[in-house]
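Student: Take this structure, written in structure tokens, and hold onto it; I'll ask about it next.
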Amino acid sequence: MPFVFENLPQSGDIRLRVVADSKTELFQGALEGMLGIIKPEIQQGSFKVIKVDIQAADLATLLVDFLNFVLAQMNIHLVAFSTIYFQSLTDQTLSAKLKGQPYKRLTEEIKAVTYYNLKVGLQSNGKWEASVVFDI
39 MPFVFENLPQ SGDIRLRVVA DSKTELFQGA LEGMLGIIKP EIQQGSFKVI KVDIQAADLA
99 TLLVDFLNFV LAQMNIHLVA FSTIYFQSLT DQTLSAKLKG QPYKRLTEEI KAVTYYNLKV
159 GLQSNGKWEA SVVFDI
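Using this note's numbering, read the sequence shown as starting at 39 and increasing by one per residue.
What follows is the structure in structure tokens.
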């Protein structure tokens, strides 16, 4: 299994923990975990692909900026972006394409991805782990 995610209790917010074998899988797992929170009702329709290029000070900030970018694009295009095709991913830059399908509505609304209690790093067991809090 390339990654595992779980929702952790957090008052007024939802905290997501993602464990993955690589940085790319960590980002994919965080995206899928976010979709698991908002539970979009997918409609029939053609797939939409958009480009994303993000720069940040560090990997943790990059993850939050990426998730906030995806959240904004989902609200703009009414598309649930669920797949990432990475061109490059470093600790400070991300270049990729996102692919998704239109949705009717979201079961849960996320206002923002926050920096509160944000943790991202390589663990002693060789796994990548992230803990991200969503403001709902």
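Ideal Cβ positions, reconstructed from N, Cα and C, are used throughout, including at glycine.
Please read all numbers here as calculations on a predicted model, not as lab measurements.
DSSP three-state label for residue 122, please.
Tutor: strand
Student: Under a three-way DSSP split, which group does residue 50 fall into?
Tutor: coil
Student: Go through its chain and collect everything with a Cβ distance to residue 117's Cβ below 6 Å, but skip five positions before and after it.
Tutor: 86, 138 and 140
Student: With a Cβ-Cβ cutoff of 8 Å, do residue 65 and residue 136 count as a contact?
Tutor: no
Student: Indicate the three-state DSSP secondary structure (helix, strand or coil) for residue 93 in the structure shown.
Tutor: strand
Student: Report buried or exposed for residue 114, applying the criterion of at least 16 other Cβ atoms within 10 angstroms of its Cβ.
Tutor: exposed
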